[in-house]
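I have placed the structure first, in the form of structure tokens, so that the comments after it can refer back to it.
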Amino acid sequence: MPHLWMFLLKALTPEGHEVLLIDGNASPMNEEQLVRYIRREKIGLVGIGAMTRMIARAYRMADAIRAAGVPVVMGGPHVTEIPDEALGRDGGPRHADAVALGEADETWPRIVADAARGQLKEIYEPLDETGKERKPSLQPYPEIPWDKMDLEQFDLVPGVIRPLLKRQGSGWGSVHMIPIESGRGCPYGCEFCTVTGFFGDSIRFRTNESVVDELLRLKRHARKNRKQVMVFFIDDNFAINIKRTKSLLRDIIAAGAQLPWTAQISANLLRDEELVDLIAASDGKWIFIGMESIDSVNLADVNKNFNKPAEYAAVLNRLADRGIYSITSFIFGLDNDTVGVADRTLKEIESWPPGLPIFGQLTPFPSTPLFERLVKAGRLTRPKHWLDFAPFQMAHTPLKMSIADTHAELNKAWKRSYSPERNQQAIASISDKPIDHRIMHFITRLIFRGIYFPQMGKRAWAKLVLDNRRLIYSLTRQGVAEWRGQRDAAPASAVSENLKPA
Ligand code: B12
Ligand code: SF4
């Protein structure tokens, strides 16, 4: 999925400049290739944004670009949290000519103008006349011309099968997940999260009209180009103001602007039946829920005791009853976790409607209250873990189990959740749902497995297909039977359609 900030800042760039976008996840380049590209395109300023987990690579790229004589400005959560690192003011090497702190909607046009005059400053901050941080209001919000952009690098359909699917003409030859924000900010302040610190606890929303317009443009574009477009509402907590979310969803339905969508919503807000009805009616498909733990003591420790494990099952059933499934996210290595946390969590998960569980270890991001607490307690084993990034590796020792135990628990949880047996059980538990629904669910399970188990090459996929052959065979057989049934029934229903009174 594309990162929104690039598209947003492009839309906010003053006229007279050309902006080229490269996503290092979707189109990876090494330093040499990137510098060659920058020289070929005669680029005058490079902007780099990165989360903490990507920052070491971002610095390497920035170093190569600056060595080639092109200025670099960096922005995003990590450099906002520790700008001295990027500017080389902490004793380490310098990686950026300038940093944009916080939300850059208003500072970006200034940065571009200063760079064009050759007068780039070191630090850009959105401040008001009194020197206090000013948050952009999101009203008005720029029009992001998704329909006019080349989104080839973000096509979710693997290149090998794209031509085949395009020829078949079903519209599945090109699939895009488009990030849309409808608001910013979350006041909950969970201890491990950077959002409350970064976006502040003042929540801001776009107008319903501006969101609906963006959806309608995307929908027209998808139809015209025979593409599948899905939307990820990237708000931190899409239903943080339930009244406003309901009003947005009602407006989407009234305008016929529905596209299949996903969003992040905390479990406590999904108690509201009317909200869940509106999610279903507006084509909400997957809801990402930060469950974090099934242990209330853990939740209280990280300031997330608004999550009530006792109501998780009811929330998930409420969604599943309307054909909506959940991406449930769990953290292991919390202070009250002990060996066996995977078994205990899996037992609960397996009693819920099928979803897509994901598991991570507790990670102290700089500037979060968690980071400060662990520093004070002397518990960080890799205080600058981001400079030596390793996926799924811990940076501190949990209180009641070892780092090795936590890794073993994570491994067990991923392995069992996406095993061929579990896939079979999950699909069997929704056998009353239409076949395309079940096939989609299965494909999504295979993709989510890849978050933890590397399955990038053809070999890895071939093994995965072989391991799941029974389920693949049974779904294919049912799919073909259903397709034949529909084909044979088609003339009769066409006749009956014609016989209907006008
Ligand atoms: C959508 C989202 C995802 C999506 C998709 C990511 C994507 N492709 O967009 C999913 C669910 C996959 C995801 C996954 C993860 N995410 Co995430 N995600 C977000 C979320 C909710 C929205 C991002 C967004 O688009 N924001 C809106 C834009 C407008 O804001 P922005 O990116 O900050 O950009 C503004 C400024 O920062 C600045 N800016 C940003 N970059 C640049 C660059 C330049 C040059 C300039 C001038 C300015 C600038 O200008 C922008 C406009 O004001 C954020 C939280 C948040 N609200 O931002 C978390 C967030 C970015 N994710 C976070 C994390 C931790 C993760 C995971 C590591 C979680 C995990 N444990 O697996 C994974 C990593 C996945 C990966 N390998 O990429 C953290 C990052 C913290 C940090 N310090 O790095 C955040 C901040 C949330 C949090 N809990 O703290 N994520
Ligand atoms: S509810 Fe989500 S976005 Fe809000 S502070 Fe907690 S983890 Fe962060």
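Per our numbering, the very first residue in the sequence shown carries number 2; after that it's consecutive. Glycine residues also receive a C-beta, built at the ideal position from the N, C-alpha and C atoms.
Rounded straight-line distance, which links the Cα of residue j to that of residue i
i      : j      : result
Arg67  : Thr339 : 47 Å
Thr14  : Ile179 : 20 Å
Thr445 : Met2   : 15 Å
Met7   : Gly77  : 11 Å
Ala463 : Gln426 : 22 Å
Asn499 : His222 : A caution first: Asn499 carries a pLDDT of 38, below 50, which makes its placement in the model unreliable, though a value can still be read off. Roughly 31 Å between the two C-alpha positions.
Pro310 : Gly198 : 26 Å
Ile33  : Asn269 : What sits at residue 33 in the sequence shown is Glu, not Ile. Those two C-alpha atoms are separated by around 48 Å.
Arg319 : Glu126 : 44 Å
Ile280 : Leu216 : 15 Å
Thr108 : Ala101 : 7 Å
Lys136 : Thr263 : 26 Å
Gly17  : Thr81  : 28 Å
Asp98  : Tyr453 : 36 Å
Ile431 : Gly291 : 23 Å
Gly25  : Arg58  : 9 Å
Asp85  : Ser418 : 41 Å
Ile254 : Ile241 : 20 Å
Lys521 : Val20  : Outside the shown range of the chain (2 to 503) lies residue 521, about which nothing can therefore be said.
His4   : Ala87  : 21 Å
Phe289 : Asp115 : 40 Å
Best match in the options for proximity to residue i [C-alpha to C-alpha]
i      : options                        : result
Thr53  : Pro367, Gly458, Glu123, Phe200 : Pro367
Arg471 : Arg423, Arg450, Ala490         : Arg423
Trp415 : Ile332, Ala463, Ile404         : Ile332
Leu276 : Arg245, Val466, Glu312, Gly184 : Arg245
Pro256 : Val212, Glu16, Ile44, Ala99    : It should be noted that the sequence gives Ala, not Pro, for residue 256. Here the closest residue by C-alpha is Val212.
Val158 : Ile145, Ile448, Pro143, Phe360 : Ile448
Asp214 : Asp252, Leu102, Phe200         : Asp252
Gly361 : Pro421, Leu10, Leu335          : Leu335
Ser420 : Asp406, Arg450, Lys434         : Arg450
Met1   : Val71, Pro355, Met457          : Coverage of the chain is limited to positions 2 through 503, which leaves residue 1 absent and any answer about it impossible.
His177 : Cys194, Phe155, Pro370, Val196 : Phe155
Lys377 : Asp389, Phe390, Trp387, His397 : His397
Ala321 : Asp278, His96, Met62           : Asp278
Endpoints, alpha helix (DSSP H) assigned at residue i
i      : result
Leu178 : The sequence shown places Met at residue 178, rather than the Leu named in the question. Premise fails: Met178 lies in the beta strand (DSSP E), 176-181, not in any alpha helix (DSSP H).
Leu157 : Neither: Leu157 is in no alpha helix (DSSP H) and is coded neither H nor E.
Ala59  : 56-68
Val80  : 78-82
Ala414 : 404-418
Phe372 : 370-377
His442 : 436-450
Asn299 : 297-302
Test: residue i CB closer than 8 Å to a CB of chain B
i     : result
Gly25 : In the structure shown, chain B cannot be found, because there is only a single protein chain.
Residue span of the beta strand (DSSP E) that contains residue i, given as start and end
i      : result
Pro358 : 357-362
Gly291 : 285-293
Ala264 : 262-265
Gln229 : 229-234
Gly50  : 47-50
Asn99  : Per the sequence shown, residue 99 should be read as Ala rather than Asn. Per DSSP, Ala99 belongs to the beta strand (DSSP E) from 99-101.
Ile328 : 326-333
Would you check if there are 3 or more beta carbon pairs closer than 8 Å linking the segment 248-266 to the segment 300-315? no
Between the segment 307-320 and the segment 378-397, can you find at least three pairs of beta-carbon atoms closer than 8 Å? Flag = no, the segment 378-397 and the segment 307-320 do not touch.
Between the segment 405-412 and the segment 340-348, are three or more C-beta pairs nearer than 8 Å? Touching, yes.
Taking contact to mean at least 3 C-beta pairs separated by less than 8 Å, is the segment 185-200 in contact with the segment 119-133? No: the two stretches stay apart, fewer than three of their Cβ pairs being nearer than 8 Å.
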